[in-house]
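A.B. asks: Chains A, B and C, in that order, are what the protein sequence lines are.
Here the working numbering = 1-based position in the first sequence + 974.
Here the working numbering = 1-based position in the second sequence + 974.
Here the working numbering = 1-based position in the third sequence + 974.
Below: one structure in structure tokens.
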Amino acid sequence: MPHFIMEYSANLEGRVDMTGLCRHIRQTMMDTDAFETGAVRVRAIRCDHYAIADELPENGFIDMSLRMGAGRPEELRKEVGEAIFEAAGTYLAALFETPHFALSLEIREISPALSWKKNAMHPRLRAKEAK
Amino acid sequence: MPHFIMEYSANLEGRVDMTGLCRHIRQTMMDTDAFETGAVRVRAIRCDHYAIADELPENGFIDMSLRMGAGRPEELRKEVGEAIFEAAGTYLAALFETPHFALSLEIREISPALSWKKNAMHPRLRAKEAK
Amino acid sequence: MPHFIMEYSANLEGRVDMTGLCRHIRQTMMDTDAFETGAVRVRAIRCDHYAIADELPENGFIDMSLRMGAGRPEELRKEVGEAIFEAAGTYLAALFETPHFALSLEIREISPALSWKKNAMHPRLRAKEAK
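Here it is as structure tokens:
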């Protein structure tokens, strides 16, 4: 935790630096102070087949989901979501200049009772951050 | 919203026109009158690695998820799900002629309090539809 | 049902036998006696773009989700989750020897009221298992 997943239409490949977007969102998440460095996993999945809105070939989308540990105040979750959505929108401003793009974000909580994790990065990063 | 996501085993590539299936489902969703044109995003994600049932190489699956805005009556969600599941099953009838295929659909709601969206297609399509 | 989905960073390709991991998890699921053979669908999705923790190029992750039918006792869901998480961790032991890998698992339930399924494998496998 937390997991940040983007699904995007394959026609954005080459028009958007998706690794750059992943990095920008990772940094935005860190800047909220809500997450531990070693826990953040941002990724993007390309969808090669799709049908969007009125099916113009230039129609594209990025759909973002954040799954984070349960128990944080709803206010914090909203702040995190707003910060990320704004950062992504700014990064993708060029796409919004044409009437062919849609961006979305949903936050969901991960139940602690039915989740498991093992993270070999935490000891390395916690030692580093304690210095 | 709404988001329609299919995950499918890579061995269906070449046997199913996945873009055609995306289009067929998009049209079915529009025919339910439950969704606005500019909001519909149907896509499919290929899974290159898998282990299905008794692991016969011809075993395949398509697993479909619809995420839609919360607050619609459950009856409407059921009608939408039934319409889509029937349309997908008809489209995929050839696969059901052998005992190696499984199809599934789940509908989930998107919480309005923890979701964000920005859609540049809406103004274009709303203007068009108002004509 | 049940659906088992893994998302993994593309830098693990070649270092992990992902099909082998799918098979290992499928077998672990069968060994719990909680699932019917024809229903199990394990798959993995590669994420080509990502930003993980402190962004070292060797940082990698596998994030696992199990969606299973609602109504089972929570105790059973926990047992299933623990068995799978342990099996996956053992399979991936080599990755945990360096401080660059994170593994996670979440179990979610599928609502019976808003899900549909059609499985052509069940009759074949049920007939076989009844022999």
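Ideal Cβ placement from N, Cα and C applies to all residues, glycine included.
1. Are there three or more Cβ pairs, one per stretch, closer than 8 Å when the region 1006–1023 of chain C is compared with the region 1005–1017 of chain B?
2. In chain order, what residues of the region 1003–1035 of chain C put their CB closer than 9 Å to some CB of chain A?
3. Nearest chain B C-beta to H1074/A closer than 8 Å, yes or no?
4. Can you confirm whether N1093/B, when its beta carbon is compared against all beta carbons of chain A, has any partner nearer than 8 Å?
5. In this structure, does DSSP put G1045/A in helix, strand or coil?
6. Rounded to whole angstroms, what's the CA-CA distance from A1087/A to K1102/C? Just pull it up for me.
7. Closer than 8 Å between beta carbons: that is the criterion. Which residues of the region 1046–1069 of chain B meet it against chain C?
8. If you check the beta carbons only, do M1038/C and A1057/C fall under 8 Å apart?
9. Does R1100/C get closer than 8 Å to chain B when you measure Cβ to Cβ?
10. Are any of the Cβ atoms in chain B nearer than 8 Å to that of S1089/C?
11. I need the straight-line Cα distance from S1089/C to R1100/A, nearest angstrom please.
12. Using a Cβ-Cβ distance under 8 Å, would M992/B count as near chain A?
13. For C1021/A, which option in E981/B, A1076/B, R1098/B has the closest C-alpha, if you only look at C-alpha atoms?
14. Which chain E residues sit within Cβ distance under 7 Å of S1085/A?
15. Is the separation between the beta-carbon of S983/B and that of I1026/B shorter than 8 Å?
16. Taking 8 Å as the CB-CB limit, is I1081/C close to chain A?
17. Do you know offhand how far L1040/A's Cα is from L986/A's?
18. Between H1074/C and T993/A, is the Cβ-Cβ spacing less than 8 Å?
19. Whole angstroms are fine: how far does the CA of G1043/B sit from the CA of A1008/B?
20. Name the chain C residues whose beta carbon is nearer than 8 Å to that of R997/A?
21. Suppose you measure from the CA of P1031/A to the CA of T1072/A; what does that come to, to the nearest Å?
22. Keeping to the same chain, check which residues put their C-beta closer than 6 Å to that of E1053/A; ignore five residues upstream and five downstream.
23. Would you mind sorting G1034/C into buried or exposed? The rule is 16 or more other CB atoms within 10 Å of its CB.
24. Sort out for me which residues DSSP pairs N1093/B with in a bridge.
25. Based on Cα-Cα distance, which residue from G1055/C, L1069/C, Y1065/C, E1048/C lies nearest to R997/C?
26. Take P1047/B as the anchor and find which of D1005/B, R1082/B, K1092/B has the nearest alpha-carbon.
27. With distances taken from CA atoms, which of M1003/B, A1067/B, A1104/B is nearest M975/B?
28. Could you name the residues of the same chain whose beta carbon sits closer than 7 Å to that of I1084/A, not counting the 5 residues immediately before and after it, in chain order?
29. Just to check my reading of the structure: A1094/A and A1068/C have Cβ atoms closer than 8 Å, yes? What is that Cβ distance to the nearest angstrom?
30. Let me know if E1080/A comes out buried or exposed under the rule of 16 or more other beta-carbons within 10 Å of its beta-carbon.
31. In chain order, what are the residue ranges of uninterrupted beta strand (DSSP E) at least 3 long that sit wholly in the region 1015–1068 of chain C?
32. What are the partner residues of F978/C, as DSSP defines its beta bridges?
33. Per DSSP, what kind of secondary structure is E987/C in: helix, strand or coil?
34. Whose CA, out of F978/A, E1060/A, K1092/A, G1055/A, lies closest to the CA of R1000/A?
C.D. replies: Let's see:
1. With the cut-off at 8 Å, the region 1006–1023 of chain C and the region 1005–1017 of chain B do not touch.
2. Interface annotation for the region 1003–1035 of chain C against chain A: I1019, R1020, C1021, D1022, H1023, Y1024, A1025, I1026, A1027, D1028, E1029, L1030, N1033, F1035, criterion Cβ-Cβ distance under 9 Å.
3. For H1074/A, the answer is yes, since a Cβ of chain B falls inside 8 Å of its Cβ.
4. So yes, N1093/B belongs to the interface.
5. DSSP places G1045/A in coil when its eight states are reduced to three.
6. Going from the Cα of A1087/A to the Cα of K1102/C covers about 37 Å.
7. For the region 1046–1069 of chain B, the residues whose beta carbon sits under 8 Å from a beta carbon of chain C are, in order, E1048, R1051, K1052, G1055, E1056, F1059, G1063, L1069.
8. Contact flag unset, no.
9. By this cut-off, R1100/C is not an interface position.
10. Yes, S1089/C lies at the interface with chain B (some Cβ there is under 8 Å from its Cβ).
11. The C-alpha of S1089/C lies about 43 Å from the C-alpha of R1100/A.
12. Cβ-Cβ to chain A under 8 Å: yes for M992/B.
13. When each option's Cα is compared against that of C1021/A, the closest is E981/B.
14. Any reference to chain E falls outside this structure, whose protein chains are A, B and C.
15. Going by C-beta atoms, S983/B is nearer than 8 Å to I1026/B.
16. Yes, I1081/C counts as interfacial toward chain A.
17. Distance between the alpha carbons of L1040/A and L986/A: 21 Å.
18. No. Outside cutoff.
19. Straight-line Cα distance between these residues: approximately 11 Å.
20. For R997/A, the residues of chain C that pass the 8 Å Cβ criterion are A1025, E1029, in the order they occur in the chain.
21. Taking the straight line from one Cα to the other gives about 13 Å.
22. There are no such residues.
23. When all chains shown are included, G1034/C counts as buried.
24. Among the bridge pairs identified by DSSP, N1093/B is matched with A1076/A.
25. Taking only the C-alpha atoms, the option nearest R997/C is Y1065/C.
26. The option with the nearest alpha carbon to P1047/B is R1082/B.
27. Residue M1003/B is the option with its Cα nearest to M975/B.
28. Here the set comprises M975, R1041, M1042, G1043, A1044.
29. At roughly 11 Å, the Cβ-Cβ gap does not stay under 8 Å, so A1094/A and A1068/C are not in contact.
30. Its Cβ being crowded by 16 or more others within 10 Å, E1080/A is buried.
31. Runs found: 1015–1021, 1023–1026, 1034–1043.
32. Answer is V1016/C, L1040/C, bridged to F978/C.
33. DSSP places E987/C in strand when its eight states are reduced to three.
34. Of the candidates F978/A, E1060/A, K1092/A, G1055/A, the one whose C-alpha sits nearest the C-alpha of R1000/A is F978/A.
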